[in-house]
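**Student:** Quick note on numbering: the sequence shown equals residues 1336 to 1544 in the working numbering.
We put the CB at the ideal spot given by N, CA and C, even for glycine.
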Amino acid sequence: MHRWDDTSLRWLLDERLRGRMFALLGADPYAVQTMVYFKPPGSRGQALHQDNFYLRAEPGTCLAAWMALDPADEANGCMQVVPGSHRWPILCTAKADTSVSFTDVTVPIPAGQRIESVRMNAGDVLFFTGSLVHGSLPNGSTERFRRALIGHYIQGDARQVAAYYHPALRMDGTPLPLEVSDGGGACGQWTDDGAIALTGQESLVRKHE
């Protein structure tokens, strides 16, 4: 929306967001996307996923600033996250249940991994990296919306991002020429011993915590 709506652009580049992300990343991010989720009563949620599966920011990852526009809890479909998954590589996807998710892919989560709800008040902002496995529940309420405004950014040392996210913007609003990602590199799959193996890179196996 920031490409045609000045209010969205001002929010995306807001100094308060920049300051928090600088503290998290140690450098200014680059801004690449704005989204609004309306999520009316009775609507589906979104299956668990990782944002950098779509953005393909390299090197490094992307970062989301997810701002609740309404109070969000389990009843109206709040965000859910898998704690610790921000340390994981990008995993291979599987088919999602489209009766409860508006997207048709998901990240399979092995047994024993916790999925926790994130309750938020209107105006709260949740920051998370592109590796964090997250999604949302369906809105099971009869009269409550669960609206959210999301800004997507990429780390300041990234040299490329998927084509849809061009042009990237510095936090002062000036365009930044970056290369176009070719669809990303290897994704990971869970192995029988609970490790994550990177497809095509069998020597790179990382235990999750």
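Between the alpha carbons of Leu1484 and Val1460, how many angstroms are there, rounded?
**Tutor:** What you label residue 1484 is simply residue 149 of the sequence shown in a count that begins at 1. What you label residue 1460 is simply residue 125 of the sequence shown in a count that begins at 1. The straight-line gap from Cα to Cα measures roughly 9 Å.
**Student:** Between the stretch 1357-1369 and the stretch 1451-1458, do at least 3 Cβ pairs fall closer than 8 Å?
**Tutor:** As far as the Cβ criterion goes, the stretch 1357-1369 does not touch the stretch 1451-1458, which means the pair count is below three.
**Student:** What are the start and end residues of each continuous beta strand (DSSP E) run of 3 or more residues lying completely inside the stretch 1464-1503, in chain order?
**Tutor:** Here the runs fully enclosed are 1469-1471 and 1483-1489.
**Student:** Please give the ranges of any beta strand (DSSP E) in the stretch 1426-1458, keeping only runs that are unbroken, at least 3 residues long and fully inside the region.
**Tutor:** Those beta strand (DSSP E) runs which fall completely within the stretch 1426-1458 and span 3+ residues are 1451-1453.
**Student:** Looking only at its own chain, which residues have a Cβ that is under 6 Å from the Cβ of His1337, when we skip the five neighbours before and after it?
**Tutor:** Looking up residue 1337 in the sequence shown gives position 2. These residues qualify, in order along the chain: Ser1343, Leu1344, Leu1347 and Thr1369.
**Student:** How is the alpha helix (DSSP H) around Ala1358 delimited, first residue to last?
**Tutor:** Along the sequence shown, read from residue 1 onward, the residue named residue 1358 stands at position 23. Glu1350 to Leu1360 is the span of the alpha helix (DSSP H), which, as asked, contains Ala1358.
**Student:** Classify Thr1342 as helix, strand or coil using the three-state DSSP reduction.
**Tutor:** Taking the sequence shown and counting its residues from 1, one reaches residue 1342 at position 7. Looking at Thr1342 - three-state DSSP - the assignment turns out to be helix.
**Student:** Tell me which residue opens and which closes the alpha helix (DSSP H) that Leu1404 is part of.
**Tutor:** Walking along the sequence shown from the start, residue 1404 turns up at place 69. No alpha helix (DSSP H) holds Leu1404; DSSP gives it neither H nor E.
**Student:** From Arg1500 to Pro1394, what does the alpha carbon distance come to, in whole angstroms?
**Tutor:** Here residue 1500 refers to the residue found at position 165 when the sequence shown is read from its first residue. Here residue 1394 refers to the residue found at position 59 when the sequence shown is read from its first residue. The identity of residue 1500 in the sequence shown is Tyr, whereas the question assumes Arg. The alpha-carbon atoms of Tyr1500 and Pro1394 are separated by roughly 15 Å.
**Student:** Is Gln1495 closer than 8 Å to Pro1364 when the C-beta atoms are compared?
**Tutor:** Taking the sequence shown and counting its residues from 1, one reaches residue 1364 at position 29. Taking the sequence shown and counting its residues from 1, one reaches residue 1495 at position 160. In this structure, Gln1495 does not lie closer than 8 Å to Pro1364 by Cβ.
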